[in-house]
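2 protein chains.
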Amino acid sequence: MSEDALVIFTPSGKRGRFATGTPVLQAARSLGVDLDSVCGGRGICSKCQITPGYGEFPKHGVTVAEDALSEWNAVEDRYNRIRGLKEGRRLGCQAKIMGDVVIDVPPESQVHKQVIRKSATERDIAMDPATRSFYVEVQEPDMHIPTGDFERLARALKDQWQIDGVTADLSVLRKLQPVLRKGEWKATVVLHRGNHDEAHRILDIFPGFAEEPLCGLAVDLGSTTIAAHLCDLSTGKVLASSGLMNPQIRFGEDLMSRVSYAMMNPGGDVEMTRAVREAIDNLIRAVASEAGIDPERVYEMVIVFNPVMHHLFLGVDPVELGQAPFALATSDSLSLDARDLDLTAMNRNARVYVLPCIAGHVGADAAAVALSEEPDKSKDMVLVVDVGTNAEILLGNEHRVLACSSPTGPAFEGAQISSGQRAAPGAIERVEIDPVTKEPRFRVIGVDLWSDDPGFAGASRATGITGICGSGIIEAVAEMRMAGLVDPSGLIGGPEQTGTPRCEPHGRTHAYVLYDGTAEGGPKIAVTQGDIRAIQLAKSALYAGARLLMDEMGVDHVDRVVLAGAFGAHISPKHAMVLGMIPDVPLDRVFSAGNAAGTGARIALLNRAARDQIEETVHRIHKVETAIEPRFQEHFVNANAIPHAVDPFPELAKIVQLPEVSFNTGGSGGAEGGRRRRRG
Amino acid sequence: MSEDALVIFTPSGKRGRFATGTPVLQAARSLGVDLDSVCGGRGICSKCQITPGYGEFPKHGVTVAEDALSEWNAVEDRYNRIRGLKEGRRLGCQAKIMGDVVIDVPPESQVHKQVIRKSATERDIAMDPATRSFYVEVQEPDMHIPTGDFERLARALKDQWQIDGVTADLSVLRKLQPVLRKGEWKATVVLHRGNHDEAHRILDIFPGFAEEPLCGLAVDLGSTTIAAHLCDLSTGKVLASSGLMNPQIRFGEDLMSRVSYAMMNPGGDVEMTRAVREAIDNLIRAVASEAGIDPERVYEMVIVFNPVMHHLFLGVDPVELGQAPFALATSDSLSLDARDLDLTAMNRNARVYVLPCIAGHVGADAAAVALSEEPDKSKDMVLVVDVGTNAEILLGNEHRVLACSSPTGPAFEGAQISSGQRAAPGAIERVEIDPVTKEPRFRVIGVDLWSDDPGFAGASRATGITGICGSGIIEAVAEMRMAGLVDPSGLIGGPEQTGTPRCEPHGRTHAYVLYDGTAEGGPKIAVTQGDIRAIQLAKSALYAGARLLMDEMGVDHVDRVVLAGAFGAHISPKHAMVLGMIPDVPLDRVFSAGNAAGTGARIALLNRAARDQIEETVHRIHKVETAIEPRFQEHFVNANAIPHAVDPFPELAKIVQLPEVSFNTGGSGGAEGGRRRRRG
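Protein chains in written order, with the UniProt record's numbering: chain A, 1 to 680; chain B, 1 to 680.
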């Protein structure tokens, strides 16, 4: 025992004694140290690079001599000559332990290396993708032991990688014999390791040691937009991202109108299925081309969506989702062949993993948000809101998580707004209104200046000032409320009531003019009474959903709010709170998670265990159905006021003093806005 | 305990005590008695019919009172009224145990009922097909427990049938919701239960209790012919059988010429793959139409073939099978989707099971023969020969089984014979030659009379006398040897040597005229010296293969010979022995197994356990490679003589005295037949 050398690995701190002459890689494996190797220790792949430390290590109680590792050998020489080895690095499979030594495993040599995500609030992803490469050396055929080439390949995976029970598609069987012979019985296998009882599938095979990257796609298929991220499956790096409009929009803007289309038009669901699959195929080609990657190298896709998109993508008629009890055709995760989904842009054997749905109204996108934001691991009570055409809402902590969806409609995305438009250059995205002069200033996408900055007119000439996007309308309405142009019931005051000619008559109501470009042949951009109503409906639905979950949870406040969705990233927390979109919390407890659904898809793409995790979590999330809950209606009505008719907003009150105005003259605003005002 | 009633089931003899009121079906299940039920005890399927016995049963020590079972109930009344219940029968799920009783389970109520096969030498098949129907009652969706319809269906299969871990194709998911609602949450599921780790797959689903039969196909894909048997998967009955020529014949008559075609013509393998898959698709349509079955009801196919056909069917280039070491692309069994094989005639979710291959020259057909004939369970030493264009040979007993293949060529099938033809009406199939007059008589296929019977000319007018088939040429050559027209070296004597003008000159050799129809414009059918040589080559290859296995086994005789293959059924054992095709055994120890490969496929179709069994057996069969074994050549040369140059045939000598003749004059026969004669 004392003859053996002491080996200490950092950063793991794992240590053990090994006979001199033991390769570092072997020592690492026997201690369970996370040291990568694709070639299985044959000095080919260079994934097992390590950095030995020499000298005194009082912390570890060890002194490392200059000859603690075997001398640089021919394999390392050759590797260094051809590819170059970083100063101080050795190949773990070649360097042998000759004395006590401290060995550092650099991050890039760890199998389960972390993909560092930019935002501090986001967790890192440990790399362990379902699809990865394995280099094997296969026994040559022997007439006297007449097993097939495939069976000997399977044996090699078992002996060299402890992977048992693999299958292969006929297309792989077809290329197997020439590939093994070309590679002289050495090959790189692209293997998809199934979860649960699912077989491990050989998706592809290449002669010798193949270094080309394997790629996977994380797709967030929304009602309005489809976003795809192409990832390198060994580094986790996002190679390219792209998005396009969901072509199903031509069948209906929102989900229920698409369900109606399917109900009214025989074959309508098939038409929508074809449209969205074609769009995804095109997106795959686009994103691969952007990254300069052969789409044949894309072996896996993880996709998330709401239940209606889930059904339409799978080719299942969504009609049951349009009526109680909102039964899903299938709710658990799915692992499918891309070609069964008519996706032809990727490798023909590519696999598709579909995250589980939570319920008939809370889809795989909500599950992906849960995977990304992990409310089930939160110590404090967190409310996660994924804002889109439907809002998915999660509330909970490590003890219990609730979920619901709420039909906010497309107003938050700038749709159904008189001057609304998608977030694109020229759209007003930020608004401020002077509470004294009632004059607005704004910023448009694509221009760095405010509209009252000198040079704005010149700077905005290229984009124009074309409309108002989702975050712009939220800021505009909130600013109008703060400036006393809109009262708590949502009524816009007239020019006399507000003291500004910008509140001009608009039919039997009023509209606030943000920008008048008509003199130069441009648009007049105003916030109309109808716009306010649309935003009120949307924010009431959102708030009522959150409130319903709080009731069910038995809490009257939350500790933290996370706004998810591409749109969530652009919402100003203060304005959201003024509108009463979200429950009252200290402003610094409102976080943006960006496209959390897309991030969840990416996590599931890069980490197999995350699939087990979310499948298990989804079964523990308790679904609350807003559509049949009588209290939802009550919460919805109360939430119509800005910020709210009943609930106090003490945290908001600390930072904003909302003017007490009322423009209800019992007549003019009544036609549209005459819902009886409650005391706020 | 003594309050409980004693229940004895026959024929199993299983017995147990049960509380009064226990349904018979439940008692049967708890004792593990094989009593069928598709509807799970709901009085729908009537599969659980039983016959109670009343009165004294001294053998069982029990007296059964008239009221030992509950009274006939409304469900049984209704069933009897609508369908009729056989006298004395009860429904096992309805009849309750009220006192001691003896209950007989009739064969048709057993799940694992036996399909009785006609021949006494053949074993019966226990019914347990991989694909069968299950009736389930599915929980209705509940908004508050938002699982998908599929997950509740899976749950029903688990709760009601103890079947866990099912998957379903997208096409099943697509029809799931309407079917469950139409059947009011009752449905019949067509389930394919995978072997090993393979998932159980829902292939189809029907509303309510569906009674239409499920069908499966057993296919024997030979080099020359393709045979298919359509079976009812619940009764095991063969509903229709059909066969057609393998269209690959146009690419080459024998296997090696097809391998050459693939090597010489790029894409040639793809062409052959397409041809054979199309042929099988056509055969499926034909056989289903013959049985009056919708091909959509065909959910499974089991297929066997030699290795070259195996590769070409799977779409794998067979080039490696044409050269040492004869490596198979894959040797283990395969479970595939029919649609991945471009088979479209069956149900779109139909499964295809491919039996394992034994080696590069010994295919899944040989495995099927082993499954059917079970040499591995034989007490005595049995030689199983599957005679075709290649002969597959198995030798062994319960301790050890050896296998080889031997390239006999097509002579045994009537090809490469001067007047040869396939076995069809008009072909000479039986031959006798009078040893004194040297005059022949024969029978042709399609005519019941011998050629010397009065009325033969009239009877054979419809068919004509067109040629000689495989069994005919074997009998002709053996009869010529017995009549002294051919010597042990295979030389045909001249008219002077033999004393008959029928041995007429034919080039530098002689030919024996069996039939001369030239006067009536018909053919002259003769056995030429070339024909004898072709038969000698074929039979030498067959015998040498068998002898090689006997050497390897260390035996100099076998106890029993089984001739398999469609052709084997027509070979006369005596004539086969005179020719020296098979080792010397008592004539009553030679059996015909018919199309044993097809039978093996049918067994695997109807019994899941048989798949495990043959997969396991194949790994224990030891393959002997004839192509590289020097002793094979020696055996081959020695087997050229008729019956043999070296081996004694004592059993043959007991029944036949072969004339000692020699026609080798050192000249005339030498050109073709001059191989030096050894002492016999």
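Ideal Cβ placement from N, Cα and C applies to all residues, glycine included.
Nearest candidate by alpha-carbon position, reference residue i, set the options
i	options	result
Thr389 (chain B)	B:Ile293, B:Ile249 and B:Leu355	B:Ile249
Ala546 (chain B)	B:Ser260, B:Ala403, B:Ala228 and B:Val64	B:Ala403
Gln139 (chain A)	A:Leu157, A:Asp128, A:Arg132 and A:Leu255	A:Leu157
Val590 (chain B)	B:Met553, B:Leu548, B:Leu652 and B:Asp77	B:Leu652
Glu71 (chain A)	A:Ala95, A:Glu87 and A:Tyr54	A:Ala95
Ala541 (chain B)	B:Asp551, B:Glu392 and B:Ala28	B:Glu392
Leu108 (chain A)	A:Met98, A:Val62, A:Ile97 and A:Leu91	Residue 108 (chain A) is actually Glu in this sequence, not Leu. Closest by alpha carbon: A:Leu91.
Ser406 (chain A)	A:Asn306, A:Thr463 and A:Pro501	A:Asn306
Val287 (chain B)	B:Glu373, B:Pro178, B:Met381 and B:Ala218	B:Ala218
Asp77 (chain A)	A:Ser46, A:Ile97 and A:Ala28	A:Ser46
Ala601 (chain B)	B:Val352, B:Glu198 and B:Thr188	B:Val352
Chain-order list of residues whose beta-carbon lies under 8 Å from that of residue i (same chain, five-residue window excluded)
i	result
Asn265 (chain A)	Glu271
Arg42 (chain B)	Cys93, Tyr135 and Glu137
Glu296 (chain A)	Met346 and Asn347
Sequence-distant residues of its chain with Cβ nearer than 6 Å to residue i (five each side left out)
i	result
Gly484 (chain A)	Pro659 and Val661
Arg193 (chain B)	Ala130 and His200
Gly670 (chain A)	The pLDDT assigned to Gly670 (chain A) is 40, lower than 50, so where the model puts this residue is not dependable, and the model offers no usable value.
Ser12 (chain A)	Val33
Val561 (chain A)	Leu383, Ile582, Val585 and Val590
Asp342 (chain A)	Arg277
Asn397 (chain A)	Ser378 and Met381
Bridge partner(s) assigned by DSSP for residue i
i	result
Thr528 (chain A)	A:Ala511
Ala5 (chain A)	A:Phe18
His440 (chain B)	Contrary to the premise, residue 440 (chain B) reads as Pro rather than His in this sequence. Paired residues: B:Ile433.
Arg132 (chain B)	B:Leu191
Thr167 (chain A)	A:Arg201
Phe313 (chain A)	Paired residue(s): none; Phe313 (chain A) is not in a bridge.
residue 742 (chain A)	Absent from the structure is residue 742 (chain A), since the part of chain A shown begins at 1 and ends at 680.
Arg90 (chain A)	A:Ile50
Tyr79 (chain A)	Bridge partners of Tyr79 (chain A): none, in fact.
Lys186 (chain A)	A:Glu137
Ser405 (chain A)	A:Glu392
Nonlocal neighbours in the same chain, by C-beta distance under 7 Å from residue i, ignoring five residues either side
i	result
residue 681 (chain A)	Residue 681 (chain A) cannot be examined here, being either before or after the span of chain A that is shown, 1 to 680.
Asp269 (chain B)	Ala262, Leu312, Asp317 and Pro318
Val115 (chain A)	With a pLDDT of only 49 at Val115 (chain A), under the threshold of 50, the placement of this residue in the model should not be trusted, and no figure is reported.
Ile603 (chain A)	Ile125, Leu371, Ser372 and Ala610
Phe18 (chain B)	Asp4, Ala5, Val7, Ala27 and Ile97
Lys175 (chain B)	Ile205
Cβ-heavy atom distance, residue i to the ligand HEM, below 6 Å
i	result
Met482 (chain A)	Among the ligands in the structure shown, none appear at all, so the ligand HEM cannot be discussed.
* To do: Give a yes or no on contact between the stretch 590–605 of chain A and the stretch 223–240 of chain A, applying the rule of three or more CB pairs nearer than 8 Å.
  => The stretch 590–605 of chain A makes contact with the stretch 223–240 of chain A; the number of CB pairs closer than 8 Å reaches 3 or more.
* Asked: Can at least three beta-carbon pairs, one atom from the stretch 424–443 of chain B and one from the stretch 486–497 of chain B, be found at a separation below 8 Å?
  -> In short, these stretches do not touch, since the Cβ pair count stays below three.
* Interface residues of the stretch 165–197 of chain B facing chain C [CB-CB below 7 Å] -> Of the chains in the structure shown, none is chain C; the protein chains are A and B.
* Give, in chain order, every residue of the stretch 291–306 of chain B whose Cβ lies closer than 7 Å to some Cβ of chain A. => Those residues of the stretch 291–306 of chain B placed with their C-beta closer than 7 Å to a C-beta in chain A do not exist.
* Within 9 Å of chain B by C-beta, residues of the stretch 316–332 of chain A in sequence order -> For the stretch 316–332 of chain A, the residues whose beta carbon sits under 9 Å from a beta carbon of chain B are, in order, Val316, Asp317, Val319, Glu320, Ala324, Pro325, Phe326, Ala327, Leu328, Ala329, Thr330, Ser331 and Asp332.
* Touch check for the stretch 323–335 of chain A and the stretch 564–583 of chain A: three-plus C-beta pairs under 8 Å? -> Result no; under three Cβ-Cβ pairs closer than 8 Å.
* Which residues, in chain order, does the stretch 614–638 of chain B contribute to contact with chain A at a C-beta distance below 7 Å? -> Per Cβ criterion, the list reads Lys623, Glu625 and Ile628.
* Is it true that the stretch 489–509 of chain A meets the stretch 449–464 of chain A, where meeting means three or more beta-carbon pairs spaced less than 8 Å apart? -> Short answer: they don't touch.
* Meets three-Cβ-pair contact criterion under 8 Å: the stretch 612–619 of chain B and the stretch 239–256 of chain B -> Cβ pair count under 8 Å is below three, so no.
* Of all the residues that make up the stretch 145–163 of chain B, which are near chain A by a beta-carbon distance shorter than 7 Å? -> From the stretch 145–163 of chain B, only Pro146, Thr147, Gly148, Asp149, Phe150 and Glu151 have a Cβ closer than 7 Å to chain A.
* To do: Count the CB pairs spanning the stretch 623–633 of chain B and the stretch 149–165 of chain A that are closer than 8 Å, and state whether there are at least three.
  => No: fewer than three Cβ pairs fall under 8 Å.
* Going along the stretch 199–214 of chain B in order, which residues come within less than 9 Å of chain A, judged by CB to CB distance? -> Those residues of the stretch 199–214 of chain B that come within reach of chain A (Cβ to Cβ, closer than 9 Å) are Ala199.
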